[in-house]
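Engineer:
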Amino acid sequence: MQIIVLGAGAGGGFPQWNCNCPHCRAVRRGSGELTPRTQSSIAISADGERWLLCNASPDIRAQIAATPELQPRHGVRDSGIAEVLLVDAQIDHVSGLLSLREGCPLDVWCTPSVHRDLSTGFPLFPMLGHWQGGLHWRPIELDEAHPETTFRVPSCPGLVFTAVALHSNAPPYSPRRGWPSTGDNLGLFIEDGVSGTSLFYAPGLGEMTPGVHDYLARADCVLVDGTLWHDDELPRLGVGRATGAEMGHLALAGEHGLIRELDALPATTRRILIHINNTNPILDAASAERAVLDGHGIEVAVDGLRLTL
Ligand code: HKS
Ligand code: ZN
Ligand code: ZN
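The sequence shown begins at 1120 in this note's numbering and counts up one residue at a time.
1) Among Gly1297, Arg1235, Asp1262, which residue has its Cα nearest to the Cα of Ala1284?
2) At a threshold of 6 Å, does Gly1359 count as lining ligand 1 (C-beta to nearest heavy atom)?
3) My guess is that Trp1228 and Glu1202 are in contact by the Cβ rule of under 8 Å, so how many angstroms apart are they, rounded?
4) Could you tell me whether any non-hydrogen atom of ligand 1 is closer than 6 Å to the CB of Asn1397?
5) What are the uninterrupted segments assigned as alpha helix (DSSP H) that are 4 or more residues long and contained completely in the segment 1205-1246, given in chain order?
6) Cβ of Asp1214 within 7 Å of Cβ of Pro1177?
7) May I ask whether a heavy atom of ligand 2 can be found less than 6 Å away from the beta carbon of Asp1344?
8) Rounded to whole angstroms, what's the CA-CA distance from Gln1209 to Gly1131? Just pull it up for me.
9) Shorter than 6 Å, the distance from the beta carbon of His1265 to the closest heavy atom of ligand 3, or not?
10) Smallest Cα separation from Leu1384: which of Gly1359, Thr1301, His1415, Asp1403?
11) Would the segment 1171-1185 count as touching the segment 1401-1420 if we require 3 or more Cβ pairs under 8 Å?
12) Can you tell me which of Leu1278, Pro1291, Phe1308 puts its alpha carbon nearest to the alpha carbon of Glu1365?
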């Protein structure tokens, strides 16, 4: 399977338009140790021709422009994006659907909870129904009774997808914000039936659970939530009030942080962080925190990173 990281940043991207923190200032100045990142999205393919877009970020237009694989090749109107999958209903993961409206009808895979939020609080499904057939919902059947579900998508023959319910959070506009239920957030375990290799993708991981740990441990490569270094990073910098726990993002540092969890994986697992917030010191390649990651064998994704598994 092939994977392209279209956007390795968290919501707001890097630099964030309204942020004057030291990292955002430095990357705007063009400091060599910091690389801009667009908002959270990856693309997955089995054949290198047809791509499943995992999350449609508000930066999708620039991401397509930077990615030849996703550009039109065959007809007079065409796209390398064959279908879309959403891991949650967060604005940074879904609002790019508005920019894909000229390509409707478009198949969109998501859970009933995400479909509900995108039919009510942020009504992308009903709204885009006015564009050539709109979005066609392909349900990922995750609910209280089914915390995992396995399925295949037409554009990626040979790949087997397992959606795993994660404890994170529903979007700020959702009635379930603060009280997420099964299906508000998912991780994806993707196995290539031919090569036997696998990826675990979870850009919004709020809490470790035994089930999630097992999938992390099974994957050849993990592409996981690197939003924050400290749980209280936003309050510390004076840029916000929310903690990682409140936002549904498990911080990297600390006794129960994600670095500890990644340390427990088999030595051969490739560990890559994605969905990095503009406040996270690991964005500075010369930082002490980045040196810590290096010591633990943990990489930090950049836009345009390509993986073949
Ligand atoms: C900052 C933000 C931090 C941040 C917050 C959230 C609300 C969010 C939304 C998040 C994220 C990054 N970039 N989902 O001020 O530094 O507004 O839709 O998910 O990726 S939580
Ligand atoms: Zn986010
Ligand atoms: Zn900043």
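We put the beta carbon where it would ideally sit given N, CA and C, even for glycine.
Structural biologist: On the basis of the coordinates in this document:
1) Comparing Cα positions, the closest option is Asp1262.
2) At least one heavy atom of ligand 1 is nearer than 6 Å to the Cβ of Gly1359, so yes.
3) The pair is a contact, with the Cβ atoms about 7 Å apart (cut-off 8 Å).
4) Yes - ligand 1 has a heavy atom lying nearer than 6 Å to the Cβ of Asn1397.
5) DSSP runs (the alpha helix (DSSP H)) wholly in the segment 1205-1246: 1210-1213, 1231-1236.
6) Note that residue 1214 is Ser in the sequence shown, not Asp. Cβ distance < 7 Å, so Ser1214 and Pro1177 count as in contact.
7) Checking the Cβ of Asp1344 against ligand 2 gives no.
8) Each residue's Cα considered, the two are about 12 Å apart.
9) In this structure, the C-beta of His1265 stays at least 6 Å away from each heavy atom of ligand 3.
10) Leu1384 has its Cα closest to that of His1415, out of Gly1359, Thr1301, His1415, Asp1403.
11) Between the segment 1171-1185 and the segment 1401-1420, the count of C-beta pairs closer than 8 Å stays below three; the two stretches do not touch.
12) Checking every option, the nearest Cα to that of Glu1365 belongs to Pro1291.
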